[in-house]
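> Residue 231 in the working numbering sits at position 249 of the sequence shown; the count goes up by one each step and never skips. Backbone N, C-alpha and C define an ideal beta-carbon position, used for all residues, glycine too. Here it is, the structure in full.
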Amino acid sequence: MVQETAGRQSQDVVVVQYSSLVSSADNQQVTNGEQSRLAQQIEQAYGPDGLGILTVAGVPGFVELRQRLLPLAQAFAALSDDVKSQYADPTSTYNFGWSHGVEMLANGQPDRHKGSYYANPLLDVPTTDKALMKQFPAYCRPNIWPTKHLPEYQPAFQQLGRLICEVGMLVTKACDKYVAAKNASFQEGRLLQSLQNSSCHKGRLLHYFPPESIKLNSLADAADVSNGIKNGNSPTASTPNPPSSSSNKENDGSKNNKDKEKEEDWCGWHTDHGSLTGLTSAMYMHGDKAVPNPDPQAGLYIRARQGGEVTQAPIPADQIAYQMGEAMQVMSGGLLRATPHYVRAPGKDKTGGVSRNTLAIFMQPRWDEVMDMPEGGLPQAKIGVGQWLPGITFGDFAERTVAGYYHAKA
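What follows is the structure, given as structure tokens:
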């Protein structure tokens, strides 16, 4: 059971009340004490010593929408392969619609232990510009929905995705206020505007098949390599190590942690390259019935920026988690920090035919958004994101990030 003390879970994940975010967004309704407390929570979660994650509690309607959508990940995965293939989009390198078995693991084998369904949660048609659709197929192509076979799928996906985005905007606005208070040169609202103006947020509904059905013991999860990849690269290939950027070089960890990783067959370490990733807790299912997590050691793990310790960070079923990404790290001048993380699946000896279902919402700038670092921020050498360059657009930044994950020359 997760305990909450002074706004923090026992695993040091900061818990923010939804009502506090709403009050902060309306300056006329928040006291100085409440604003100060929220700023402290933002720093605890996303500052240099934070885990790069917080959860939001008390979001109206969230529990019901989560309960409605996640079982549909199981229902879609149970359809025949012929049916599911109708909803795949190779042109977008499987960044829209169904994706299964087309992504590659680090050992060169196809990743068949999970299936993903990608969609823009806010816009069914991000653009009608055919040139943009050709240039940026992973961002600009239209959504694909299995309306014929699961008519409830589209509204359930969009309603939960929109809610997670709306709450994420409130989190981002609180981040804006925090950064502006720390850096007088920072233009408050910059972070929020970069997301409000974006037409390429991406949702990913994941279904993990029971491990014994694919003979795998450890799985990488939700944001497990950056989304929004083109040029034929897989959006979710698992990698044994983070890309060689400066943001990860400082997180080598202790020998004990490395031994533990090897011992437990850890994989999929990565740092999100978008702005903010919204996550639901996983729903485990046996057939069409929800069941408890069969392995308490399964779930999200984060490597602390200072000291390299690995911490399990459970997400309560009634809360939304938000992980910091590298794009916001850059645009905050390094005041907000992303962290390497991965998700460990239950051991195959504990699952008993249990699948895992979850939703991730990648909130990110438009492909042509210039990722300027504010004046007064940290020097480029200390910004902590090695693939960033002054004047780079988010689209190019994503390409350089992907090249790092695939050990390519950026």
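1. Pull up the distance between the alpha-carbon of H189 and that of Q91, whole angstroms please.
2. According to DSSP, what are the bridge partners of T436?
3. Under the assumption that F44 contacts I302 (Cβ atoms under 8 Å), give the Cβ distance between them as a whole number of angstroms.
4. Alpha carbon to alpha carbon, how far is F379 from Y160? Give it in angstroms, no decimals.
5. Below 8 Å, how does it come out for the segment 23 to 37 and the segment 281 to 299: are there three or more Cβ pairs, yes or no?
6. T(-13) by DSSP, collapsed to three states: which one?
7. Determine whether the beta carbon atoms of I343 and G256 lie at a separation below 7 Å.
8. Given this structure, state the Cα-to-Cα distance separating V(-3) from A113, to the nearest angstrom.
9. Quick one, are the C-beta atoms of W127 and Y99 less than 7 Å apart?
10. Nearest to H323 by alpha carbon, out of P296, E16, R348?
11. Counting C-beta neighbours from all protein chains within 10 Å, is the total for N14 16 or more, i.e. buried, or is it exposed?
12. DSSP on A204, reduced to helix/strand/coil?
13. On the criterion of 16 or more Cβ atoms from any shown chain inside 10 Å, does D254 qualify as buried, or is it exposed?
14. Relative to the alpha-carbon of Y304, which residue among A163, V292, I146 has its alpha-carbon at the smallest distance?
15. For Y121, which of helix, strand or coil comes out of DSSP?
16. If you draw a straight line from the alpha carbon of M151 to that of A299, how long is it in whole angstroms?
17. Cα separation between R326 and Y28?
18. Considering only C-alpha positions, which residue in the set H95, H131, P137, Q117 is nearest to A101?
19. If distances are taken between C-alpha atoms only, which option among T383, G359, P53 comes closest to K164?
20. Using alpha carbons as the reference points, say which of L132, R382, P356, H95 lies closest to D368.
21. Could you tell me whether the Cβ atoms of K332 and D277 are closer together than 7 Å?
22. Candidates Q117, L177, L105, Q169: which alpha carbon is nearest F139's?
Based on what the coordinates show:
1. 19 Å
2. With the chain running from -17 to 392 in the structure shown, residue 436 is simply not present.
3. 6 Å
4. 25 Å
5. yes
6. Residue placement at T(-13) cannot be trusted, given a pLDDT of 34 that sits under 50; what the coordinates show is reported in the next sentence. Reduced to three states, the DSSP call for T(-13) is strand.
7. no
8. 43 Å
9. no
10. P296
11. exposed
12. Since pLDDT at A204 reaches only 34, below the 50 mark, its modelled position is unreliable, and no value is offered.
13. With at least 16 other beta carbons inside 10 angstroms of its own, D254 counts as buried.
14. I146
15. Helix, per DSSP.
16. 21 Å
17. 22 Å
18. P137
19. G359
20. A small fix is needed here, since residue 368 is Gly in this sequence, not Asp. Looking at the Cα atoms, R382 is the closest of the given residues.
21. yes
22. The shortest C-alpha separation from F139 is found at L105.
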